[in-house]
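Novice: Before anything else, here's the structure in question.
Protein chains in written order, with this note's numbering: chain A, 100 to 396; chain B, 4 to 421.
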């Protein structure tokens, strides 16, 4: 066991780090789904835009201004997307909103293509996070160790927020029953905006960590992490925050262990993620922590 | 009311799309539309009109290159060479008449799916000859479109043998992968001192990557090396596991014929993980993007390429001055004036095309195609002549290594292995 751990430490570390970053994106998916029953396909691209904003911000501003600016810009972007692309469709069939989300996703990708001219942008190094450290047999970046800790702190804070505050209570109420909570005087638009703000805030943090690890931003950078985070959210039970986090860590770690199995296996690391999605949907469609659905009569 | 509004919005979008379509589709389709109308009105004028049209004096050279996507950086540098050549020699004399040369650039987005539509755009623009593409995969994907239209293509830096094999319209001015793979394997064995294990990493399903790995493997195994091969899926950004695998396999050299975007990530992660295995790569890595990524690290990175700096000082001086005078050109070259080998190749390709047009004595694509096999030209990157498959007869590659302290290439060796 110790031998296995020793040999696979680099893979496990990489997995934990990637898992933490998936988790931060997955929360955005799962919260929006919990409240609006909408899979926000543009979320991965919001993550990518956060990366690009950082690239452009650091070109002219110091780091201590850039980072808050990136977070603010991402949150604003999420808020605007919700107001412009989703809110007008609130009473439309769910499918229309979904298609609107796909549209936003492509819009963001193409805007990024326009601004970057199609070239990969090199992500700035954040002092402290980019340094190399050696743990046992593995050499990795500090950000690898910071990611899981920061993820867990943020999730803990988020759960407290949802449990203890008034707006958190409103969120829970809205996710239980949209119409009734509206009738009870909950300002539904404020709650939904808040959900997008939180989701995008976490995506911005996730992008800071992810791109510090993989410092190249291209217009499709958000697509793969976004998809995997979505699988993580489904795996953990979409709508459940702890589920999304645990799902993300499992996917991140498994994916990297598969890469370490031997030269024939690396090809299957992505396939694994999506096979997992199919299996989960077949065996336990609500995911590990999914809420039981009761049909209303 | 709402329905009316929706209908209006939809109409607006359709119109906007139409407007975009016609503006990017160039003037050629419009000219096509006009021509039949005139034919119908006065068929007798046709014969008189054709020469008059030629005397108007524009010849279109299509540029089929990736300006975005994984190979966007390299494609842009290749186009820069062509644009510089076009700025130097904007006209060509055919049969005593002077034509303006117009470069029509079409972005194939580094993607095999987009290749056909990008190629079709050039066919529609009425190109007499096409240059490109950077990246063998897109070259192969767009090849049939040019073949059907009867337009000859001069490949600039697409090194996979399949590009020119089995067709008569695709030519190329660079060396081939079997040659480059062998050069790399010999270099790894002789210069980098790899005696037992080599590790190859390429993108899954990429013709260029996998082709080169294959040739490298053949040559390396003949030298008695064991070769471990791994592939990563498109869009992958985590290379730490692959690098760990290379380390665990006790590899003495990593051969990574990937595109520049992935190369950036590989270099960055290799540096972070403290990988001390030398990295070697083919012509794609010969880019200042790679130099920027490698600067300040402890890595050993070498590339085989088409041209070594200092080969033609007069050309270099002119090219640098031209780039520095144009902010867009400088940005497309990655922000500084380091000369990439692909730019030199793009420059030469433009002149080969002009030479072929002169030999053909016509701007008709079919005539240019016939003239191309017999065309020879001595360019900045050496002398260019074609063999019977349409490949350039070349037997020299230059090996350069990255100086991680200064961020410049250092010339290592000139390899001319068969």
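Using N, Cα and C, we set each Cβ at its ideal position, and we do this for glycine too.
Predicted model, so just to flag it, every value in this text is computed and none were measured.
Apply the 10 Å Cβ neighbour rule to residue 324/B and answer buried if 16 or more other Cβ atoms are within range, or exposed otherwise.
Specialist: Flag for residue 324/B reads exposed.
Novice: Taking just the CA atoms, how far does residue 230/B sit from residue 290/A?
Specialist: Taking the straight line from one Cα to the other gives about 57 Å.
Novice: With H, G and I counted as helix, E and B as strand and the rest as coil, what does DSSP make of residue 156/A?
Specialist: Residue 156/A: helix per DSSP, three-state reduction.
Novice: Does the region 220 to 240 of chain B come close enough to the region 288 to 302 of chain B to have 3 or more Cβ pairs within less than 8 Å?
Specialist: Segments in contact, no.
Novice: Cβ closer than 7 Å: which chain A residues qualify as neighbours of residue 264/B?
Specialist: The contacting residues are 219, 315 and 317.
Novice: Shorter than 8 Å from the beta carbon of residue 124/A to some beta carbon of chain B?
Specialist: Not closer than 8 Å to any Cβ of chain B, the Cβ of residue 124/A fails to qualify, so no.
Novice: Can you look up residue 383/B in the DSSP assignment and give me helix, strand or coil?
Specialist: Looking at residue 383/B - three-state DSSP - the assignment turns out to be coil, as it is neither helix nor strand.
Novice: When burial is assigned at 16 or more other CB atoms within 10 Å of the CB, is residue 380/A buried or exposed?
Specialist: Exposed: under 16 other Cβ atoms inside 10 Å.
Novice: Taking just the CA atoms, how far does residue 300/B sit from residue 409/B?
Specialist: Looking at the two C-alpha atoms, the distance is approximately 11 Å.
Novice: Would a C-beta distance cut-off of 8 Å place residue 186/B and residue 307/B closer than the cut-off?
Specialist: Yes, these two residues count as a Cβ contact at 8 Å.
Novice: Throw me the rounded Cβ distance for the residue 102/B and residue 350/B pair, which I believe falls under 8 Å.
Specialist: With 8 Å as the limit, residue 102/B and residue 350/B do not qualify as a contact, their Cβ atoms being about 20 Å apart.
Novice: Helix, strand or coil: which one does DSSP assign to residue 276/B?
Specialist: Of the three classes helix, strand and coil, the one that applies to residue 276/B here is coil, per DSSP.
Novice: With distances taken Cα to Cα, identify the nearest neighbour of residue 197/A among 212/A, 218/A, 324/A and 140/A.
Specialist: Here the closest residue by C-alpha is 140/A.
Novice: Please report the straight-line C-alpha distance between residue 423/B and residue 160/B, rounded to a whole angstrom.
Specialist: Coverage of chain B is limited to positions 4 through 421, which leaves residue 423/B absent and any answer about it impossible.
Novice: Got a sec: which bits of the region 226 to 239 of chain A sit with their beta carbon under 7 Å from any beta carbon on chain B, in order along the chain?
Specialist: Going along the region 226 to 239 of chain A in chain order, one finds 231, 238 and 239 with a Cβ nearer than 7 Å to chain B.
Novice: So residue 249/B and residue 280/B are supposed to be a Cβ contact under 8 Å. How far apart are they, rounded?
Specialist: Contact holds; Cβ gap of about 6 Å.
Novice: Taking Cβ-Cβ distances below 7 Å as the criterion, which residues of the region 101 to 117 of chain A are in contact with chain B?
Specialist: Those residues of the region 101 to 117 of chain A that come within reach of chain B (Cβ to Cβ, closer than 7 Å) are 109, 110, 113 and 117.
Novice: Output the boundary residues of the beta strand (DSSP E) element that contains residue 383/A.
Specialist: No beta strand (DSSP E) contains residue 383/A, which DSSP labels as neither H nor E.
Novice: Would you call the region 95 to 111 of chain B in contact with the region 174 to 183 of chain B, where contact means no fewer than 3 C-beta pairs closer than 8 Å?
Specialist: In short, these stretches do not touch, since the Cβ pair count stays below three.
Novice: In the DSSP assignment, find the unbroken alpha helix (DSSP H) run with residue 360/B in it and report its ends.
Specialist: Per DSSP, residue 360/B belongs to the alpha helix (DSSP H) from 344 to 363.
Novice: Excluding the 5 residues flanking residue 361/B on each side, which residues of the same chain have their C-beta closer than 8 Å to its C-beta?
Specialist: Hits under 8 Å: 95, 96 and 97.
Novice: Counting only the same chain and skipping the five closest in sequence on each side, list residues whose C-beta sits under 7 Å from that of residue 72/B.
Specialist: Cβ within range, chain order: 112, 113 and 114.
Novice: Just mark residue 233/A as buried or exposed, buried being the case when its beta carbon has 16 or more other beta carbons within 10 Å.
Specialist: Exposed: under 16 other Cβ atoms inside 10 Å.
Novice: Report the residues of the region 356 to 390 of chain A with a CB closer than 7 Å to any CB of chain B, ordered along the chain.
Specialist: Under the 7 Å Cβ criterion, the region 356 to 390 of chain A contributes 358, 359, 362, 365, 366 and 369.
Novice: Using a Cβ cut-off of 8 Å (strictly closer), state whether residue 322/A contacts chain B.
Specialist: At least one chain B Cβ lies under 8 Å of residue 322/A.
Novice: Among the residues of its own chain, which have a CB less than 6 Å from the CB of residue 109/B, if the five just before and after it don't count?
Specialist: Same-chain partners within the cutoff: 67, 121, 124 and 125.
Novice: In this structure, how does DSSP classify residue 173/B when only helix, strand and coil are distinguished?
Specialist: Strand at residue 173/B.
Novice: Using a Cβ-Cβ cut-off of 6 Å (strictly less than) and excluding sequence neighbours within five positions of residue 119/A, which residues of its own chain qualify?
Specialist: If we look at residue 119/A and ignore the five residues flanking it on each side, its Cβ neighbours are 246, 247 and 250.
Novice: For the region 195 to 215 of chain A, which residues have a beta carbon sitting closer than 9 Å to at least one beta carbon of chain B?
Specialist: Residues 212 and 215.
Novice: I'd like the ranges of any beta strand (DSSP E) spanning at least 3 consecutive residues and lying wholly in the region 229 to 261 of chain B.
Specialist: 229 to 235 and 256 to 258, all fully within the region 229 to 261 of chain B.
Novice: Suppose the cutoff is 7 Å on Cβ atoms and the five residues either side in sequence are ignored; what does the same chain contact list for residue 305/A look like?
Specialist: Correct list, in chain order: 120, 123, 124 and 146.
Novice: Please say whether residue 275/B and residue 265/A have beta carbons closer to each other than 8 Å?
Specialist: No, the Cβ-Cβ distance between residue 265/A and residue 275/B is not below 8 Å.
Novice: Beta-carbon within less than 7 Å of residue 260/B's beta-carbon, same chain only, minus the 5 sequence neighbours each way: which residues are those?
Specialist: Within the same chain, residue 260/B has close Cβ partners 205, 211, 212, 215, 216, 284, 285 and 287.
Novice: Nearest chain A C-beta to residue 142/B closer than 8 Å, yes or no?
Specialist: Cβ-Cβ to chain A under 8 Å: no for residue 142/B.
Novice: Could one say the Cβ of residue 145/B lies closer than 8 Å to chain A's Cβ atoms, at least one of them?
Specialist: Chain A, which has no Cβ nearer than 8 Å to the Cβ of residue 145/B, makes this no.
Novice: Is residue 144/B helix, strand or coil by DSSP?
Specialist: DSSP places residue 144/B in helix when its eight states are reduced to three.
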